[in-house]
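A.B. asks: For the record, the sequence lines run as chains B and W. Here my numbering is used: the first residue of the first sequence is 10, the next is one more, and so on. Here my numbering is used: the first residue of the second sequence is 10, the next is one more, and so on. Note that beta-carbon positions come from the ideal geometry of N, C-alpha and C, so glycine has one too. In this text, all values refer to a predicted model and were calculated from it rather than measured experimentally. One structure, as structure tokens, below. Some questions next.
2 protein chains.
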Amino acid sequence: MGFNNATQKDVAVRAGVSQTTVSIALNPESELNIPVKTVEKIQKVARELNYTPNRFAKALRTNRTQTLACIIPDIANPFYPALVKGVQRASEIYDYDVITLNTDGIKEKELHYIELAKQGRYDGLVGVFFNLEAKHFNDLAELGIPVVRLESNARAQTRQSFDNLFVDDEAAFAEITELLIQQGHRDICMISGKGGPEYLRVSGYKRAVQKANIKPFIQLEKDFNEDGGIAAMQGILRRKTAPSAIVAANDLMAIGCMKVISTVGLRIPEEIVVTGFDNIPAAQLVSPSLTTIDRFQGDIAERAAKIIIGRLNKQVIGQGQTIKQPYKIIRRNSA
Amino acid sequence: MGFNNATQKDVAVRAGVSQTTVSIALNPESELNIPVKTVEKIQKVARELNYTPNRFAKALRTNRTQTLACIIPDIANPFYPALVKGVQRASEIYDYDVITLNTDGIKEKELHYIELAKQGRYDGLVGVFFNLEAKHFNDLAELGIPVVRLESNARAQTRQSFDNLFVDDEAAFAEITELLIQQGHRDICMISGKGGPEYLRVSGYKRAVQKANIKPFIQLEKDFNEDGGIAAMQGILRRKTAPSAIVAANDLMAIGCMKVISTVGLRIPEEIVVTGFDNIPAAQLVSPSLTTIDRFQGDIAERAAKIIIGRLNKQVIGQGQTIKQPYKIIRRNSA
DNA sequence: CTGTTAGCGCTTTCAC
DNA sequence: GTGAAAGCGCTAACAG
Chain B
10 MGFNNATQKD VAVRAGVSQT TVSIALNPES ELNIPVKTVE KIQKVARELN
60 YTPNRFAKAL RTNRTQTLAC IIPDIANPFY PALVKGVQRA SEIYDYDVIT
110 LNTDGIKEKE LHYIELAKQG RYDGLVGVFF NLEAKHFNDL AELGIPVVRL
160 ESNARAQTRQ SFDNLFVDDE AAFAEITELL IQQGHRDICM ISGKGGPEYL
210 RVSGYKRAVQ KANIKPFIQL EKDFNEDGGI AAMQGILRRK TAPSAIVAAN
260 DLMAIGCMKV ISTVGLRIPE EIVVTGFDNI PAAQLVSPSL TTIDRFQGDI
310 AERAAKIIIG RLNKQVIGQG QTIKQPYKII RRNSA
Chain W
10 MGFNNATQKD VAVRAGVSQT TVSIALNPES ELNIPVKTVE KIQKVARELN
60 YTPNRFAKAL RTNRTQTLAC IIPDIANPFY PALVKGVQRA SEIYDYDVIT
110 LNTDGIKEKE LHYIELAKQG RYDGLVGVFF NLEAKHFNDL AELGIPVVRL
160 ESNARAQTRQ SFDNLFVDDE AAFAEITELL IQQGHRDICM ISGKGGPEYL
210 RVSGYKRAVQ KANIKPFIQL EKDFNEDGGI AAMQGILRRK TAPSAIVAAN
260 DLMAIGCMKV ISTVGLRIPE EIVVTGFDNI PAAQLVSPSL TTIDRFQGDI
310 AERAAKIIIG RLNKQVIGQG QTIKQPYKII RRNSA
């Protein structure tokens, strides 16, 4: 096949030094010292020959692959592309490759990828794991493979073996609910899927309404998607006359809900307002555009990747941190 | 660090054979023959020790990395996640890793990734290249790195060094325009961005309207996105009274256009109909849901990855093919 | 049919 | 300061 890439040996010959010297000169982290002059010469020759290190040889020797795994439920879910991009943005800077892996939210697959990581295929992981607990990451920690979990419910552990970046869903839902209350709404329904993020989001809503002496009204459906939103709104209309505000657990549900609302001829936001969560791209495409909460997934993921890389380079040390990340309400036309 | 993974040597010792025999036994493609009994024994031991080949050692030795690059303009563009998933689907089966790379549609980055590929970082490429010509892929072909281009305008070349999977945009736009004509529309505007896919899509539209003796009316804006759609529709309304139908060059433009339409108080589809192209997820989320054309990007990308892998395994040989892929009009509520 | 040997490109002792 | 040498785990001649 013949890739004709220049090797350290080629550089060494041309620079009149040994291959070892080239290796040391080109790896500034090395303990060993080489005179600046020699280093410069080697760098010059390396450039001339268009030398690039062979990452497989390096990986074989060092057990470092220069690749990160970005593990998410589903790249086709509109919430995740921005997250993936954040990981890529950080990784590119440090010349890490990133492999994106879909778990479909299934425990089996989540564990499978952990297994691959244990085999040394990835230097670190940043990911969203729906079904895994702290203990599943212990082996990784022992092997020196850093993990950053995203979106994980914020149960900070003592001696936690991974970092955890999370948004305070509870506070976010309390805040957006309060906003509606301030606008004068008293009949506010929350719709949500079941499981996973349900608990904290519903809690936030409940806290806000109860504080204002409003009785909570919650409509749960199976899925956190458009169909779930449709079903939820239909359920609400079956049980009572339309409320004046809907707080949806995420944007997809909100959008499904809006469809039903326009079908029955109610006007948004004049007769009923709707809010979402996630700020997916479609949120500004629908009519009226959706008022929602941005979680800055891209920024969070970028920070996560930087933490991973920092740990790999020993610039970040110590126990895993659980770090709260900001959110922001995005006012658009639906509320 | 200590990854304690079993190696061929470990398996060899335990099975009482040489390491070489293990290598041969575990690689069925090998020319060499080992008695079935020995092979089975080795497989058994390998399983017991939970042996997995070290892909970096393998890569170093064979110049085969078991990874594919999936090169796209932007994972955050809603058109691409389905495509990426298709590549992943095929790759997973054959245990290839896939690295997704964003070019932002910039020639410089497209070339950069080609360069990385030439260094042997990826065994093959499937990608969407906006700014590259046939000649840019010649080196790759010589190195034995197969490439499948997606979405490339179908200029089949003799002795083409890569495969090309494309959808016949011209035919698709002619067909959807004809559909509108059949519904009785005579005042049909096309809106499009400039450059890239503009030419073929506009051609299809033109062909259909001219065949029906309708004068083409085309509104071009800079970008193929929501803003482009908004600007285009505003431009149309400035120049004439609203047409009865809009054919948009893609879904994002269609959605932008629909926003303007509802702002000025026209009803879709009663007073004006709109069609898109791509069938992005948002197409069924907007109200009314968007009639559009599905390009089955996931299936195409899956097929592309299979071709790559087929070529790597010498199951696909010969010159690069240019293959037309199907499309399908998806009738929803906007037209 | 199976084992011995060399070596892919790199990092890392260990001598000098 | 620099070089020689070993070896990461694997495949591919080559012998036997």
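When you check each C-beta in the stretch 222-247 of chain B against every C-beta of chain W, which residues fall closer than 7 Å?
C.D. replies: Within the stretch 222-247 of chain B, the residues whose Cβ lies closer than 7 Å to some Cβ of chain W are Glu235, listed in chain order.
A.B. asks: At least one CB of chain W closer than 8 Å to the CB of Asn14 (chain B): is that the case?
C.D. replies: It does: the Cβ of Asn14 (chain B) has a partner Cβ on chain W nearer than 8 Å.
A.B. asks: Is the beta carbon of Gly95 (chain B) less than 8 Å from the beta carbon of Gln306 (chain B)?
C.D. replies: Cβ atoms of Gly95 (chain B) and Gln306 (chain B): closer than 8 Å.
A.B. asks: Please report how far the alpha carbon of Ala313 (chain B) lies from the alpha carbon of Leu159 (chain B), in whole angstroms.
C.D. replies: One C-alpha to the other measures close to 8 Å.
A.B. asks: Could you tell me the distance, in whole angstroms, from the CA atom of Ala257 (chain B) to the CA atom of Glu279 (chain B)?
C.D. replies: Taking the straight line joining both Cα atoms gives about 18 Å.
A.B. asks: Taking the alpha-carbon positions, what's the Thr16 (chain W) to Glu142 (chain B) distance?
C.D. replies: Spanning the two alpha carbons is a distance of roughly 30 Å.
A.B. asks: Smallest Cα separation from Tyr336 (chain B): which of B:Asp308, B:Gly327, B:Leu189, B:Ser100?
C.D. replies: Among B:Asp308, B:Gly327, B:Leu189, B:Ser100, the Cα nearest to that of Tyr336 (chain B) belongs to B:Asp308.
A.B. asks: Going by the beta-carbon positions, is the gap between Ala8 (chain B) and Pro90 (chain W) smaller than 8 Å?
C.D. replies: Residue 8 (chain B) lies beyond the range of chain B shown here (10 to 344); nothing can be said about it.
A.B. asks: So what does DSSP say about Ala292 (chain B), is it helix, strand or coil?
C.D. replies: Ala292 (chain B): helix per DSSP, three-state reduction.
A.B. asks: Determine the contact status of Gly238 (chain B) and Ile289 (chain B), defining contact as a CB-CB distance below 8 Å.
C.D. replies: Result no, Cβ atoms of Gly238 (chain B) and Ile289 (chain B) do not sit closer than 8 Å.
A.B. asks: Find the nearest neighbour of Ile339 (chain B) within the set B:Ile102, B:Ile185, B:Gly136, B:Thr76, judged by alpha-carbon distance.
C.D. replies: Ranking the options by Cα distance to Ile339 (chain B), first place goes to B:Ile185.
A.B. asks: Give me the subset of the stretch 80-102 of chain W whose CB atoms are less than 7 Å from a CB atom of chain B, sorted by chain position.
C.D. replies: Going along the stretch 80-102 of chain W in chain order, one finds Ile84, Ala85, Pro87, Pro90, Ala91, Val93, Lys94, Gln97 with a Cβ nearer than 7 Å to chain B.
A.B. asks: Check whether the Cβ of Asn111 (chain B) lies closer than 8 Å to any Cβ atom in chain W.
C.D. replies: For Asn111 (chain B), the answer is yes, since a Cβ of chain W falls inside 8 Å of its Cβ.
A.B. asks: For the stretch 51-68 of chain B, which residues have a CB atom closer than 8 Å to at least one CB atom of chain W, in sequence order?
C.D. replies: Result list: Thr61, Asn63, Arg64, Phe65, Ala66, Ala68.
A.B. asks: When burial is assigned at 16 or more other CB atoms within 10 Å of the CB, is Gly129 (chain W) buried or exposed?
C.D. replies: Per the 10 Å Cβ criterion, buried.
A.B. asks: Could you please give me the residues that DSSP links to Arg158 (chain W) through a beta bridge?
C.D. replies: DSSP lists W:Gly136, W:Asn173 as partners of Arg158 (chain W).
A.B. asks: How many Å lie between Ala240 (chain B) and Val283 (chain W) at the Cα?
C.D. replies: Distance between the alpha carbons of Ala240 (chain B) and Val283 (chain W) is about 27 Å.
A.B. asks: What does the alpha-carbon distance come out to for the pair Pro62 (chain W) and Asn140 (chain B)?
C.D. replies: So the two alpha carbons sit approximately 28 Å from each other.
A.B. asks: Check whether the stretch 210-220 of chain W and the stretch 175-184 of chain W are in contact - that is, three or more C-beta pairs closer than 8 Å.
C.D. replies: Flag = yes, the stretch 210-220 of chain W and the stretch 175-184 of chain W touch.
A.B. asks: Any chance you could list the alpha helix (DSSP H) runs of at least 4 consecutive residues sitting entirely within the stretch 86-147 of chain B, in chain order?
C.D. replies: Correct list: 89-102, 116-127.
A.B. asks: Quick one: what's Phe226 (chain W) bridged to in DSSP?
C.D. replies: W:Cys198, per the DSSP bridge assignment.
A.B. asks: Counting pairs of Cβ atoms below 8 Å between the stretch 186-200 of chain B and the stretch 243-253 of chain B, do you hit three or more?
C.D. replies: In short, these stretches touch, since the Cβ pair count reaches three.
A.B. asks: Would you call the CB atoms of Phe88 (chain W) and Asp232 (chain W) closer than 8 Å?
C.D. replies: For Phe88 (chain W) and Asp232 (chain W), no; Cβs fall outside 8 Å.
A.B. asks: Select from W:Asn14, W:Ile123, W:Met267 the residue whose C-alpha is nearest the C-alpha of Leu152 (chain B).
C.D. replies: For the residues W:Asn14, W:Ile123, W:Met267, the minimum Cα distance to Leu152 (chain B) belongs to W:Asn14.
A.B. asks: How would you label Ile51 (chain W), buried or exposed, when you count the other beta carbons within 10 angstroms and need 16 or more for buried?
C.D. replies: Counting Cβ neighbours within 10 Å, Ile51 (chain W) comes out buried, since at least 16 surround it.
A.B. asks: Return no unless some Cβ of chain B is closer than 8 Å to the Cβ of Val295 (chain W).
C.D. replies: Closer than 8 Å: yes.
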